[in-house]
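Chains as they are written, first to last, in my numbering: chain G, 1 to 165; chain P, 1001 to 1173; chain E, 2001 to 2658. A short write-up of the structure that comes next.
Structure follows, in C-alpha cells:
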C-alpha cells in the first residue's frame, strides 16, 4: 500500500509541475484572430483607373459586356495589359490608341467623334431642335385658330338668357 | 405632305434591316487590312533555339493561321489546311496561341502538320498585337508584308474559293 | 400525344384568328351586324385554343418530355419544377407562344369589356387584333414550331442557362409581354378610327384605359427585368443600354407620350392625328423589338438563337403591319379635324412639350441602338455604341421633361396663368434648389449630376404636394372627405409622378455615391466599406438540385453590432459545367449591402470577394411600383366604368352610325 501511495504522490507532484509547463506552451492562434483583408489588386489606384477605362471598352469575346466586367480569358489578358501600360506611365489616351490600333473603333463603347459619327452625337440635339420647331409651329397655328372674334351681341344675348333663368 | 413622312422613314429603316439580315454584327473587323503585319520574333514549338519572324516570309504570299490545341473549331479546318499545304498553293505559318499546357507538338505529331513553321505565343501578346479575339483566325499577307485579308473562323472550301482565291489572283500568286 | 394536341390546337387557333380578322372587318365595312358579331366569339375561341397549346407545351416541360426538341434544348431533369415551367417561355419558340397567348388574352378582354362601344368599332378593334394574331400564329407554325419532335428522344436536356434560374424569370417575361402586347389594343383602336374615318372624344375615352393599363404592365415588366439583372448578374448594375433593353424602353417612351397625348384628346379634342400616329408608333416599336431580338441583326446578351430566315419573316410581317398602318395614316389623317386652340402657356402646350421631348429621347435611343447597323450596312468601319453614349445623351434630353412635369399638372387647360402657377410653385422651387445644392454635400461631396437629380426629384415631389393643396382648396367637407372625392384619375397621376420623383432620387444617389471594393479575403479576415465591417468566415460545400456550390459566409457589422450574415455562392451547374456567381444582398430602405464571390485564390480557403454599398437603390424599384400603381389607379377612374354600365345604347343604332 505504501508504495502505491508514493507512486500516486509522485505522479501528482509530476502533474503539478508539468501543468505550468503545459500552460506556458504557445497556444494555437485564437480562432477568430482578425486580419485585415487586402485589396485583390496589387495597386488599387492603377486598378481604379483601369476599371474606369475598361468600363467604357467592349469585351470582344462576349461582346455585350464591358471589358471591366467580363470573365473571358481575352478580357483578363487585356486588363492585365492595360494595367501594365498604366504602370509604365502611359496615359488613358495612349492606352485607348493602343487598343483601337489593334481592334478598331469597335472596342470603344464611347464612339469617337468623327465625321462619320457626327449624326450620332449631334442627333439628339437635332431632334430636340426639330421638336421645338414643331412645338412652336403648332402653337402659332392654335393661337390663330383661337382668336376668332367673339360676337359681342350674341354674348350679351346669352348673358341675358342666363339672368332670366 | 408631312403625313407621308412616317411611312418614308419607315421604308428607309426596313431597307437597313433587310441589309442587316445579311450581316454579322458579332464579327470584329480587322484594322490591319492594308497595313504592315506587326513584327515579332517567337521561338518555335519544340525547338527553342530556332525562331520565326514575319520578315522571314518577305517576297512570298503566305497565311498566318492562329490556332490552339484546345480549340475545337481548329480541328475542323485542319483537314482543309492539310490539303492546302500538300497542294503547295500557299505556305501556312501556324501561330500557336496561348498553349499553356504545351500540347502543340504532340498534337501535330499525331495529326500531321500543314505548317512550314509553328511559332509559339504562350502568353498571347503577339495575338493582341494582331487583334486576335479567338481561334481560328487567319491572315493573308503579301510579298511586301502587308495584311490583305483576315478570316475569322475555320477555313473551308467555300471560304477559300470566295475570299482567298480572288485575293491570291489579285496578288499574282 | 400531348405535343401533337398542342400543335393541332395552334392550327385551330390560326383558323379562328383568320375568322376573327376577316369577317368582322368586312362586316364593319359593310354595316353587316351578323358578320361583326363574329368578332367576340372568334376572339374568345382563339384564346381558348392558344391556351390549350400553351398548356400542352408546359405539360411537356413539366413531365420532362425530351422527345420534344424545345424541351430537350432548354430544360433539364434536375431543374427545379418551377424553372421547368418557366422554361416554357425561355426559348424563341416558347416566348413567341407566350406572345400569342397574351395577345389572345387582351383580345378576349376587349371582347368582354367593349359592350359600350358601337358595334362597328368593337368589330374593327377585335378584327385588327385578329390580323396580328394571324400573323404571329402563322409565324409560329411555319418557322418556329414549339412542338417539333426530336427523334430519337434525348436522354436528358441541355439545361437552362443558370442566369434564367431565378424567380425573375417567372414574372418578368409575362409582365413585359402584357405591356408590349397590350399596346396592340391602342394600335387596333387607332386603326379602327382611321378605317371608320370617325375620331371623336369618345374614341379617346375608350382607348385611354386600355393604353394606361398596358403602359403600367410595361413599366412593371421593365422594372422587374432591371431588378433581376441587378440581383443576378453579380456586378451590381441595373441598366446596360443593351439592344434588348432598349427594345423594351422605346415602346415605354412612346407609350408615356401616348397616355399624355390621349389626355389632351380626351379632355380637349386636340392632337387627334398625332395621338393616332403615336398609338401606331408605340405598337410598331413593340414589333420592332420582337424583330431586333430574334433576327440576329443586332448582337445582344438577351438575343434568342438567331436565324436570318425567321428574321426575314418577321421583317416581312413588320413591313406589312407597320407599313400598312402608316399608309392608312397618310391617307386618312387629314380627314381628322384639328381641335380647339390654346395659348403659349397652357396644359396643352406643356403636354405638347412633354411629347416633343419624349420623342427626342426616343429618337436618341433608337439612333444609338441602330447606328452600328447603319454603319455596317453602308460599308463603314464597325463601331460600338454603349452606355457612355446613352448616359451622356439621355439625361440632358430628359431633364427638361422632368422639369416641366412639375408645372403641367398645375396649369389650366386652354389658357393658364403664369403668375398664378409661379405663386403656387415659388416655395417648391426654392426648397428644391436648396435640396439640390445641399444634399450631395451631406452624402459625400458635391456632384453636379447628383444635384440635378435631387433638384428634379424634389421639384416634382413638391409639385405633387402643391397639386393636392390646390385641389383641396375648393369643395366642401373635411380634409378626408375631400380627399375621398378626388377622382382616381387625379390620384393616379399624382402617384405616378411621385413615383417618378422617387425613382429619379434613387438613381441620383446610387449612380453618384455607390462604392465598392474588390478584396482578397482569407478565412477570418475583414474588410471595411462605407462604415460597415465585413468578416469572411470561409466557405462550405452546398449542393442544390442541379448545381454544386461553394457557399461563403460573411458577417456584416456596423459599430460592433451585427447587421447581417450574407451567403453568396459560387455555383457550378451539373448539366453544362457552367460557373455562376450568386450574390447575396441585405436590403433596406436606405441602402443595399451586396456581396459577390469572385474566384478561389488558394487552397486554404481564400477567396476574391466583391463588396458593394448601394445607397438608395431600392428607391428605383419603389418608384417604379408607384408608377405602376398610379397607372392602374388612373385606369380605374369611374368615368371609364360608367361607360360600361351604359348598355342602354341600342346596338343597331350605334351600328347605323358606321
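Don't be surprised by glycine CBs; every beta carbon is placed ideally from N, CA and C.
Does the region 2165-2173 of chain E touch the region 2127-2139 of chain E, meaning 3 or more C-beta pairs lie closer than 8 Å? no
Other residues of its chain near residue 50 of chain G: CB distance less than 7 Å, five sequence neighbours each side excluded: 79, 82, 83 and 86
Examine the Cβ distances between the region 41-57 of chain G and the region 88-100 of chain G and report whether three or more of them are shorter than 8 Å. yes
Sequence-distant residues of its chain with Cβ nearer than 7 Å to residue 2387 of chain E (five each side left out): 2240 and 2241
Based on DSSP bridge pairs, tell me the residues matched to residue 1053 of chain P. According to DSSP, which records beta bridges pairwise, residue 1053 of chain P is partnered with nothing at all.
From residue 26 of chain G to residue 2077 of chain E, what does the alpha carbon distance come to, in whole angstroms? Annotation note: pLDDT 42 at residue 26 of chain G (below 50); position unreliable, coordinate value reported separately. Taking the straight line joining both Cα atoms gives about 54 Å.
To the nearest angstrom, report how far apart residue 2520 of chain E and residue 2389 of chain E are at their CA atoms. 33 Å
Report the rounded CA-to-CA distance for residue 1083 of chain P versus residue 2145 of chain E, giving the unit in angstroms. 41 Å
In chain order, which continuous runs of the beta strand (DSSP E) of length 3 or greater are located wholly inside the region 2584-2617 of chain E? 2584-2587, 2591-2600 and 2607-2615
Under 8 Å between C-beta atoms, does residue 1079 of chain P make it to chain E? no
State the Cα-Cα distance for the pair residue 1080 of chain P and residue 1161 of chain P, rounded to the nearest angstrom. 12 Å
Just confirm the distance between the C-beta atoms of residue 2330 of chain E and residue 1014 of chain P, as a whole number of angstroms; I'd bet it's less than 8 Å. The pair is not a contact, with the Cβ atoms about 16 Å apart (cut-off 8 Å).
Closest residue to residue 2455 of chain E among E/2444, E/2353, E/2417 and E/2506 (Cα-Cα distance): E/2506
Neighbour flag for residue 2012 of chain E against chain P, beta carbons, 8 Å: no
Between residue 1033 of chain P and the rest of its own chain, which residues show a CB-CB distance below 8 Å, the 5 nearest in sequence each way excluded? 1147, 1148, 1149 and 1150
According to DSSP, is residue 29 of chain G part of a helix, a strand, or is it coil? Because residue 29 of chain G carries a pLDDT of 42, less than 50, the predicted location of this residue cannot be relied on, and no value is offered for it.
Measuring CB atoms only, is the region 2255-2275 of chain E touching the region 2333-2345 of chain E, in the sense that at least three cross pairs come out at less than 8 Å? yes
Under 9 Å (Cβ pairs) to chain E, residues found in the region 1011-1045 of chain P: 1011, 1013, 1014, 1015, 1016, 1017, 1018, 1019, 1020, 1021, 1022, 1023, 1024, 1025, 1026, 1027, 1028, 1029 and 1031
Own chain partners of residue 2487 of chain E with C-beta closer than 8 Å, once the 5 adjacent residues on each side are dropped: 2637, 2638 and 2639
Tell me the rounded alpha-carbon separation between residue 2554 of chain E and residue 2543 of chain E. 19 Å
Less than 8 Å between the beta carbons of residue 2261 of chain E and residue 2288 of chain E, yes or no? no
Alpha carbon to alpha carbon, how far is residue 2579 of chain E from residue 2047 of chain E? Give it in angstroms, no decimals. 40 Å
For residue 2540 of chain E, which residues does DSSP report across the bridge? E/2551
Classify residue 24 of chain G as helix, strand or coil using the three-state DSSP reduction. Because the pLDDT of residue 24 of chain G is 43, which lies under 50, any placement of that residue in the model is unreliable, and the number read from its coordinates should be weighed accordingly. Helix, per DSSP.
Return the chain-ordered list of same chain residues with a C-beta closer than 7 Å to the C-beta of residue 1076 of chain P, the five sequence neighbours on each side being excluded. 1154
Any beta carbon from chain E within less than 8 Å of residue 1003 of chain P's own beta carbon? yes
In the DSSP assignment, find the unbroken alpha helix (DSSP H) run with residue 2104 of chain E in it and report its ends. 2092-2112
Cβ pair residue 2459 of chain E, residue 2512 of chain E closer than 8 Å: no
Residue 56 of chain G burial status per 10 Å Cβ neighbour count (16 or more: buried): buried
So what's residue 2364 of chain E in DSSP terms, helix, strand or just coil? helix
Validate contact between the region 2619-2631 of chain E and the region 2211-2222 of chain E using beta carbons, cut 8 Å, 3 pairs: yes
Which ranges would you report for the beta strand (DSSP E) in the region 2130-2154 of chain E if only whole runs of at least 3 residues count? none
From residue 2551 of chain E to residue 2587 of chain E, what does the alpha carbon distance come to, in whole angstroms? 20 Å
Beta-carbon of residue 2476 of chain E versus every beta-carbon of chain G: anything under 8 Å? no
Any idea what DSSP makes of residue 76 of chain G, helix, strand or coil? helix
Quick one: any contact between the region 2589-2605 of chain E and the region 2554-2572 of chain E, if contact means 3 or more CB pairs under 8 Å? yes
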